[in-house]
Amino acid sequence: MSKQYETVIGLEVHVELATKTKIFCGCSTEFGGAPNTHTCPVCTGMPGSLPVLNKQVVEYAIAVGLATNCKITQNGKFDRKNYFYPDNPQNYQISQLYLPICRDGHVDIETEEGGKKAIGIHEIHMEEDAGKLVHDEWSGCSLVDFNRSGVPLIEIVSEPDMRSAEEVIAYLEKLRLLIQYLGASDCKLNEGSMRADVNLSVREVGAKKFGTRTEMKNLNSFKAIARAIESEKERQIDLLESGEEVIQETRRWDDVKEYSYAMRSKEDAQDYRYFPDPDLVPIIISDEMIAEIKAKQPEFRDEKMERYEKEYGIPAYDISVITSSKHMADLFEQTVAICNSPKKVSNWLMVETMRLLKEHDMEPEQINFSPENLAKLISLTEANTINSTVAKEVFEQVFAHDIDPEKYVEEHGLKTVNDEGALRSTIEAIVAANPKSVEDYKAGKKKAIGFLVGQTMKEMKGKADPAMVNKILIELLEA
Amino acid sequence: MDLLELTAVALGQKIQKKETSAVEATQAVLNQIDKVEGTVHSYVTVDQEGAIKKAKQVQEKIEAGQLTGPLAGVPVAIKDNMCTEGMRTTCSSKILENFVPTYTAEAVLNLEKAGAVIIGKTNMDEFAMGSTTETSAYGITTNPWNKEHVPGGSSGGSCAAVAANECFYALGSDTGGSIRQPSSFCGVTGIKPTYGTVSRYGLIAYGSSLDQIGPVAKDVTDCATILNTIASYDKKDSTSYQRESYDFTKALVDDVKGMKIGIPKGYFGEGLDSEVSNAVMAAAKELEKKGAILEEFDLGLVEYAIPAYYVIADAEASSNLSRFDGVKYGYRAEDYKGLHHMYKKTRSEGFGPEVKRRIMLGSFVLSSGYYDAYYLKALRTKALIKQEFDKAFAKYDMILGPAAPTTAPKVGASLADPIKMYLGDIYTISVNLAGLPGISVPCGMDSKGLPIGLQLIGDCFQENKILQAAYAFEQTRAYKSPFDK
Amino acid sequence: MANIISDETIEYVGILAKLELSEEEKEQAKKDMGEMLDYIDQLNALDTSSVEPMSHVFSVHNVFREDVVTNEDDRENILKNAPEEQEGSFVVPKTVE
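Protein chains in written order, with this note's numbering: chain A, 1 to 479; chain B, 480 to 964; chain C, 965 to 1061.
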């Protein structure tokens, strides 16, 4: 390949908002109900039903817009996007084309070289989600479930400012954190509460004009996104190299086959006949409303990181891991507020929590234990009530079931034995029973003491204070 | 006097005074339906059993003193585009032939709360698209005055049912004249309220920005009383307008002294039947005699209302009617190959020609490359038309004119030439574009014995002015029924 | 007639509107649509360049609901009119190949 190519990427990110109800009706947005149990005439497109806008959706959309440096549209409206598909009960989706709620923003991402790069945000608009189709292989039918129909979404449309998969991931991470910090969504890619469509084109390095782009859908993880970008980039370069043209089209990514295919259909004219929805009235956003939402914005990650450094004095690496999840950062701050040991709290989060998350294939957002119970565990170790081995065991219970460590230690008799008399007699018996080790030790093999410590801990069922065991053993052996 | 000849309010009073009962009135209406429905065919569905049952329940509540309102126990007919829980609602379309709603339209609920007895659902032009009630998939309705003529449309069933005493009053809906024009043709009184006054929740949409439910009745008093009951601010309808007052009956005063009435010269030009013209002008003179001040003026842009209307209404309709696809309710075609064929076959078999014509045009004007030239152009025209009315209402309390250029045409004479049929809406359509209230009151008969309607158009939220003038005019003549002759 | 509607246009609008017209209906539709567009073209005589398009007649705005769940499980009613139903869902011809 002689020519050098540049990849130009723009993203359309759909985020499901964390409202209790749907965008245009009072149905629950809760996940996992039996089919069509969270539906009503409005979200199933019954004749005569009418939409009424959920105020929280507007507030969340504005909050995300402010967090991404957008201008807020103060006189907006909804439009209908007309297309036939069974997951779309009215055969039009209520969305915003002409006057989206936010425009002209940007977020900064860290580049691989350690610098900063601004990724432009073209617009953010509000819209309703579609229902779900389940395909029945036996009958050759599809089943339609409208539980997700009408769940509020915002679509964040970036400018074509990204040049690599790494930048795309960094941008997505950045958006995810901002939105999670706002509490506007949990942004789970695997569960579909955050979805990204990738618009990609290639052009020769130095070219001014953009190449023809394709849109890739069905990307359910950061890994899938990275793979799809690589694959599509290569496909387009191959086309150009062999003198062919890239066709503007929508492609569906199959992550198992690591291959995308065009979603073409004669019946899919892609002419959506947008027009203002006459059933909904304009949305006028006052300066006061914007100021109010601004005042309620939380501390975002960058500010948090700075504050942690000053306030808690924990290592920069710890700070970056802890603040990578709003939930973990909240947990950290709440626990420190109780036990006042930032470094210890950080350690539990950094080491054991991360280990268990990985082991259970969980996200930090799914951490389920309370700050109170972690603080209690830390107090127990600080008071030497339990030793570190027991502490790890107890923490696993805290992690899994959010148990009360004090009660648990009590009920399971896990307290460290601090009765020196009892410990001494146990050790005396062990020394007596292991003359070989004693001999070795006396002969200068100081390591032999390890075996005796182990035997003692075994006898004490792990509840002895290792420091005390060592001290008594040395006394006895050197006597 | 025959019970059936009573107005709704007069019947309500007799029921309250125990001179008759809801059951007796319902039975009388059902007997009348038996007698005339074979010719008139006002109804798509008559719920005989349900009506009697309901009448009994209502009568018990009346006797217990729980229902004391003016419409308690009075039998009503509902246009078949308003959802009624448990009662088939078809929009006179094959595509909804088996649709039984699971909820009731807000306006109908308001009537039920007031003790109305629903007799059934009235015939209409399919999805309210038409001016003759001939586009119904369930057969035509004839004009009770002369069965060779149409009742008008699209609320032809409601207006014919009132005229033929097959109910005491009815609800209609008006998107471009669909209450006022058939009221005029059937010799009954119908009012289209200001947009947003009656909730559209449960009204199966045709043109959402234009649709409005309103009463069809024997006189102005009934209309005002019904409007008191059905009008409400409804949180379920985002376009519902919270009004300062919902008292329309206070307008029932025989006094038009000093009222300024504008008469658009353009309304009385080419295309207007001379008998209609004479009757309407005679009515205007009656109001003048009572002290109203008449003035002719130029209302601009009259000729642009119809083309703007058809762009807007058809565009909205093409989208509103896309939900009828054979998936969730209604008709589904048999024998199809795959999803899109199912859609196409279902819709092609389920919709009639006029509905398809409008969906095609509406889809076209919204399609890529035409949106600005047609749809936005029409919305701009609408803004200009609204300005013209604003100018007029700065000078006049109301505008007076005919409701339709002719009396009821003969059955079968209209559908062949759509544009000519659309031109018949010239006096009513601009009122919908501007969201105004308009009332049609009978003002005479032509030489063929067909009724003529007078239309009064008010400024937004000024129903009471036109009701008052209509009431005053009504005092100068007696209500005529097709059975008087 | 100034507006000549082609077969392609009728075909295309049929795809958008999901209507399948017979040959006879297509010819009629071409004629009707052409005539209607000619009629609508009257609007071009009107200078609207300085006028904002008017969607809503009144200045009603910001009609909101609070974010409170008001609807319970109503599946039975929602499915009552379904032409075909299975396992609490609406049934359609398979949407994927």
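Where is the CB? At the ideal position from N, CA and C, for every residue including glycine.
Give me, in chain order, the residues of the same chain whose beta-carbon lies closer than 8 Å to that of residue i; leave out the 5 immediate sequence neighbours on both sides.
i: A/Gly105; result: Gly65, Thr68, Asn69, Cys70, Lys71, Gly120, Ile121, Ile124
i: B/Asp752; result: Pro884, Thr885, Thr886, Asp925
i: A/Ser341; result: Ile378, Glu382
i: A/Thr416; result: Asn384, Thr385, Ile386, Asn387, Val390, Lys463, Ala464, Asp465
i: B/Phe578; result: Arg567, Thr568, Thr569, Tyr808, Gly809
Taking only three categories from DSSP, how would you classify residue i?
i: B/Ala487; result: helix
i: B/Gly961; result: The residue asked about is misnamed: residue 961 of chain B is Pro in this sequence, not Gly. If DSSP states are grouped into helix, strand and coil, B/Pro961 belongs with coil.
i: B/Phe803; result: coil
i: B/Cys665; result: helix
i: B/Thr708; result: helix
i: B/Phe776; result: strand
i: A/Phe275; result: strand
i: B/Ala556; result: strand
i: C/Thr973; result: helix
i: A/Glu113; result: coil
i: A/Arg195; result: strand
i: B/Val629; result: coil
i: A/Phe78; result: coil
i: A/Gln180; result: helix
i: A/Met216; result: strand
i: B/Met924; result: strand
i: A/Ile403; result: coil
i: C/Asp1002; result: helix
i: A/Asp108; result: strand
i: A/Ile322; result: helix
Taking CB distances under 8 Å as the criterion, tell me whether residue i reaches chain B.
i: A/Asn75; result: no
i: C/Glu984; result: yes
i: A/Gln90; result: yes
i: C/Val1032; result: no
i: C/Asn1041; result: yes
How big is the Cα-Cα spacing for residue i and residue j?
i: C/Glu1040; j: A/Asp145; result: 13 Å
i: B/Ser909; j: B/Lys558; result: 23 Å
i: A/Asp186; j: A/Thr29; result: 13 Å
i: A/Leu200; j: A/Ile154; result: 21 Å
i: A/Val52; j: B/Thr518; result: 43 Å
i: B/Tyr582; j: A/Met46; result: 10 Å
i: B/Gly632; j: B/Gly686; result: 15 Å
i: A/Ser193; j: B/Leu855; result: 36 Å
From the beta carbon of residue i, is the nearest beta carbon of chain C less than 8 Å away?
i: A/Ala269; result: yes
i: A/Arg195; result: no
i: A/Thr39; result: yes
i: B/Met977; result: What is shown of chain B runs 480 to 964, which leaves residue 977 of chain B out entirely.
i: B/Ile865; result: Note on identity: in this sequence residue 865 of chain B is Lys, with Ile being the wrong assignment. It does; some Cβ of chain C falls within 8 Å.
Out of the options, which has the shortest C-alpha to C-alpha gap to residue i?
i: B/Phe727; options: B/Ile670, B/Glu782, B/Tyr808, B/His628; result: B/Ile670
i: A/Glu245; options: A/Ile322, A/Met362, A/Lys446, A/Thr214; result: A/Thr214
i: A/Leu11; options: A/Lys22, A/Val157, A/Ser142; result: A/Val157
i: B/Leu902; options: B/Ala852, B/Gln660, B/Ser678; result: B/Gln660
i: A/Ile430; options: A/Asp404, A/Ala443, A/Leu477, A/Phe399; result: A/Leu477
i: A/Arg227; options: A/Val202, A/Tyr259, A/Val205, A/Lys208; result: A/Tyr259
i: B/Ala616; options: B/Asn622, B/Met608, B/Pro623; result: B/Met608
i: A/Arg80; options: A/Met289, A/Ile94, A/Pro86, A/Pro89; result: A/Ile94
For residue i, decide whether its Cβ has a neighbour in chain A, counting only Cβ atoms nearer than 8 Å.
i: C/Lys990; result: no
i: B/Asp604; result: no
i: B/Tyr617; result: no
i: C/Ile979; result: yes
Which same chain residues, not among the five before or five after residue i, have their C-beta less than 6 Å away from its C-beta?
i: A/Asp551; result: Here chain A comprises residues numbered 1 to 479, so residue 551 of chain A is not present and cannot be evaluated.
i: B/Tyr680; result: Glu585, Asp713, Lys715, Asp716
i: A/Met305; result: Ile319, Thr323
Given residue i, which residues of its chain have a CB within under 7 Å of its CB, disregarding the five upstream and five downstream residues?
i: B/Ala684; result: Asp690, Asn799
i: B/Lys824; result: Ala812, Tyr815
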